[in-house]
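In this note's numbering, the protein residues as written are 680 to 1003. Ideal Cβ positions, reconstructed from N, Cα and C, are used throughout, including at glycine.
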Amino acid sequence: MSQRSKIIVTRKWPEAVEKILTEKYDVVLNESDTPFDANKMREALTSADALLPTVTDKIDSSIFEGITPSVKVIANYGVGYSHIDVDACQSHGIVVTNTPDVLSECTADIAVTLMLMAARRAGEGEREVREGRWTSWRPNHLIGHKVSGKTLGIIGFGRIGQEMAKRAHHGFGMKVLAYNRSTPSDAVLQACGASSVISIDELMGQCDFLSLHCPGGDANRHLINEERLKLMQPHAFLINTARGEVVDEAALAQALQSGTIAGAGLDVYEHEPKVHPDLLECENAVLLPHLGSATKETREGMGFKALNNLDAFFAGQPPHDRVV
Ligand code: 8YV
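Here it is in structure tokens:
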């Protein structure tokens, strides 16, 4: 019998996927679901053939210092991979894959959830009810902002950005303006009822809601900073389901406190699971714990996608979702 490849999974995955992984490979699962520290990560990188990490695993260039990795492929569980230094992986001859597509719809659903919750003050209302502070219905109680028919700006018009645009345009009759590094085709824009803008600065002042769907990492770190927040309208809302580092959290908290913008809905943070203490103080911020892809269907879909990428790699074929 040929020797099975050794796979290390860094977090607890959906049972259905772990079952198949176990049937096919010599797998080390993480039953306790405890995040790996740097030593454990180095040990994994030097003892397995493949590593299956998630957003909670920092695989930067320092992790490779002084080790010779045995791992040949890193099949990331998630579409975003800014926690992985792909150049460092490449220089060690490691192939990296991700899991796009399967999470586009659910991530866009969470962006819509945040947009509605922030605009309609759903977090504030929920806190009021649960804390027994609701006194009675009244005409001026928790007045929010109408969403339907407003203008949505989108930064990053990839698969998730396009799903967000479809929901906003076809569901809420919103006007959609999209910024993307490369200009989207007319057909793509038309399917989502969107028009494209050529710069972020041009977009900032035009929208009632701004939703981020671009990658994280150094290239987009603090793309939304104090200056850009000041370009937004005072009644506008910022929604972030992309990566925490895209927004300068201190500047955002300041903008929320001083009324530079009306509110924000966040699913991701610069230093997860830590949330900037000033944001926690903002009643006009809706804060979710990175739930973008958190549905049974999607989390299983992500696992099976990572598995397909592994299968292809070990069969000597190009993995479908190869990043480097
Ligand atoms: C994932 C995400 O759950 O896929 C992504 O990029 O942001 C999340 O939906 C997470 O990254 C898992 O690694």
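Check: Whole-angstrom Cβ separation of F836 and N859, contact assumed at under 8 Å?
Finding: For the purposes of this step, residue 836 is taken as the residue at position 157 of the sequence shown. For the purposes of this step, residue 859 is taken as the residue at position 180 of the sequence shown. About 4 Å separates the beta carbons of F836 and N859, which is inside the 8 Å limit, making them a contact pair.
Next item on the list: Please confirm whether any heavy atom of the ligand 8YV lies closer than 7 Å to the CB of V758.
Entry: As a first step, residue 758 must be located in the sequence shown, where it is residue number 79. V758: yes, Cβ under 7 Å from the ligand 8YV.
Next item on the list: Taking only the alpha-carbon atoms, compute the straight-line gap between N899 and A921 and give it to the nearest angstrom.
Entry: Along the sequence shown, read from residue 1 onward, the residue named residue 899 stands at position 220. Along the sequence shown, read from residue 1 onward, the residue named residue 921 stands at position 242. Note on geometry: alpha-carbon atoms of N899 and A921 lie some 11 Å from one another.
Check: Can at least three beta-carbon pairs, one atom from the stretch 802–818 and one from the stretch 968–976, be found at a separation below 8 Å?
Finding: Contact fails: fewer than three Cβ-Cβ distances are below 8 Å.
Checklist line | Through-space distance from L891 to Q996, alpha-carbon basis | finding: Here residue 996 refers to the residue found at position 317 when the sequence shown is read from its first residue. Here residue 891 refers to the residue found at position 212 when the sequence shown is read from its first residue. Q996 and L891 have their C-alpha atoms some 34 Å from each other.
Margin query: In chain order, what are the residue ranges of uninterrupted alpha helix (DSSP H) at least 4 long that sit wholly in the stretch 685–770?
Written below: Qualifying alpha helix (DSSP H) stretches, in chain order: 694–703, 717–726 and 765–770.
Notebook entry, point to check: Skipping 5 residues on each side, what residues in its chain have a beta carbon closer than 8 Å to that of P693?
Noted result: For this step, residue 693 is matched to residue 14 along the sequence shown. The answer, listed in chain order, is K975, R978, E979 and G982.
Notebook entry, point to check: For the ligand 8YV, is there a heavy atom less than 7 Å away from the beta-carbon of T713?
Noted result: Within the sequence shown, numbered from 1, the residue matching residue 713 stands at position 34. Not under cutoff, so the answer is no.
Next item on the list: Taking A797 as the reference, give the member of S770, L967 and I879 with the closest Cα.
Entry: Working through the sequence shown from its first residue, we reach residue 797 at position 118. Cα-wise, what sits closest to A797 is L967.
Notebook entry, point to check: Are A941 and L931 closer than 8 Å when you measure CB to CB?
Noted result: As a position in the sequence shown, residue 941 is number 262, starting the count at 1. As a position in the sequence shown, residue 931 is number 252, starting the count at 1. No, these two residues do not count as a Cβ contact at 8 Å.
Next item on the list: May I have a chain-ordered list of the alpha helix (DSSP H) segments no shorter than 4 residues that lie completely inside the stretch 790–851?
Entry: Segments of the alpha helix (DSSP H) lying fully in the stretch 790–851: 801–809 and 838–845.
Next item on the list: Kindly identify the DSSP beta-bridge partner or partners of F888.
Entry: For the purposes of this step, residue 888 is identified with residue 209 of the sequence shown, where counting begins at 1. Looking at the DSSP assignment, F888 forms a beta bridge with L831 and F916.
Next item on the list: Report the rounded CA-to-CA distance for D764 versus D788, giving the unit in angstroms.
Entry: For the purposes of this step, residue 764 is taken as residue 85 along the sequence shown, with counting starting at 1. For the purposes of this step, residue 788 is taken as residue 109 along the sequence shown, with counting starting at 1. When rounded, the distance between both Cα atoms is 29 Å.
Margin query: For the alpha helix (DSSP H) containing K984, name the first residue and the last one.
Written below: Taking the first residue of the sequence shown as 1, we reach residue 984 at position 305. K975 to F993 is the extent of the alpha helix (DSSP H) around K984.
Next item on the list: Buried or exposed for N718, please, with buried defined as at least 16 other CB atoms from any protein chain shown within 10 angstroms of its CB.
Entry: Start at 1 with the first residue of the sequence shown, and residue 718 comes out as number 39. Exposed, by the Cβ-count rule.
Notebook entry, point to check: Mapping DSSP to helix, strand and coil, what is G895?
Noted result: Residue 895 sits at position 216 when you count from the first residue of the sequence shown. Here G895 sits in coil by DSSP.
Margin query: Considering only the alpha carbon of each residue, which of E928, V774 and R690 lies closest to K964?
Written below: On the sequence shown, position 285 is the one that residue 964 refers to. The residue asked about is misnamed: residue 964 is Ala in this sequence, not Lys. By alpha-carbon distance to A964, the top candidate from E928, V774 and R690 is E928.
Item checked: Same chain, Cβ closer than 7 Å to V781, neighbours up to 5 away in sequence not counted -> Taking the first residue of the sequence shown as 1, we reach residue 781 at position 102. Answer for V781: T977, G980, M981 and K984, listed in chain order.
Check: Do D1000 and N777 come within 8 Å of each other at the CB atom, strictly closer than that value?
Finding: To locate residue 777, count along the sequence shown from 1; it is residue 98. To locate residue 1000, count along the sequence shown from 1; it is residue 321. Taking a C-beta distance under 8 Å as the contact criterion, N777 and D1000 qualify as a contact pair.
Checklist line | Contact test: L1009 Cβ vs the ligand 8YV heavy atom, cutoff 7 Å | finding: Lying before the first or after the last residue shown, residue 1009 is absent from the chain, which here runs from 680 to 1003.
Next item on the list: Have a look at S827, S741 and A767 and flag the residue whose alpha-carbon is nearest the alpha-carbon of V752.
Entry: The sequence position of residue 752 within the sequence shown is 73, counting from 1. Its Cα nearest to that of V752, the residue A767 stands out among S827, S741 and A767.
Next item on the list: Report yes if the CB atom of A723 is closer than 8 Å to the CB atom of I687, and no otherwise.
Entry: Residue numbering aside, residue 723 sits at position 44 when the sequence shown is read from its first letter. Residue numbering aside, residue 687 sits at position 8 when the sequence shown is read from its first letter. For A723 and I687, yes; Cβs fall inside 8 Å.
Note to self: Is T792 near the ligand 8YV - that is, is its Cβ less than 7 Å away from at least one heavy atom of it?
What the structure shows: What you label residue 792 is simply residue 113 of the sequence shown in a count that begins at 1. The answer is no for T792.
Checklist line | Start-to-end residues for the alpha helix (DSSP H) that takes in L931 | finding: Numbered from its first residue, the sequence shown carries residue 931 at position 252. If you look at L931, you'll find it in the alpha helix (DSSP H) that goes E928 to S937.
Checklist line | S972 CB to nearest heavy atom of the ligand 8YV below 7 Å | finding: As a position in the sequence shown, residue 972 is number 293, starting the count at 1. Within the cutoff, so yes.
Next item on the list: Determine the extent of the beta strand (DSSP E) in which A873 is found, giving its start and end residues.
Entry: Position 194 of the sequence shown holds residue 873. Under the DSSP assignment, A873 falls in the beta strand (DSSP E) whose first and last residues are A873 to S875.
Check: By how many angstroms is the C-alpha of G872 removed from the C-alpha of V696?
Finding: Residue mapping note: residue 696 aligns to position 17 of the sequence shown, counting from 1. Residue mapping note: residue 872 aligns to position 193 of the sequence shown, counting from 1. When rounded, the distance between both Cα atoms is 37 Å.
Next item on the list: Please state whether DSSP places G923 in a helix, a strand or coil.
Entry: Indexing the sequence shown from 1 puts residue 923 at position 244. Reduced to three states, the DSSP call for G923 is helix.
Margin query: What would DSSP say about L868, mapped onto helix, strand or coil?
Written below: Translated into the one-based positions of the sequence shown, residue 868 becomes position 189. Three-state DSSP puts L868 in a helix.
Next item on the list: Rank G938, E924, E962 and S937 by C-alpha distance to the C-alpha of V947 and give the top, closest one.
Entry: For this step, residue 947 is matched to residue 268 along the sequence shown. Measuring from the Cα of V947, the nearest candidate turns out to be E924.
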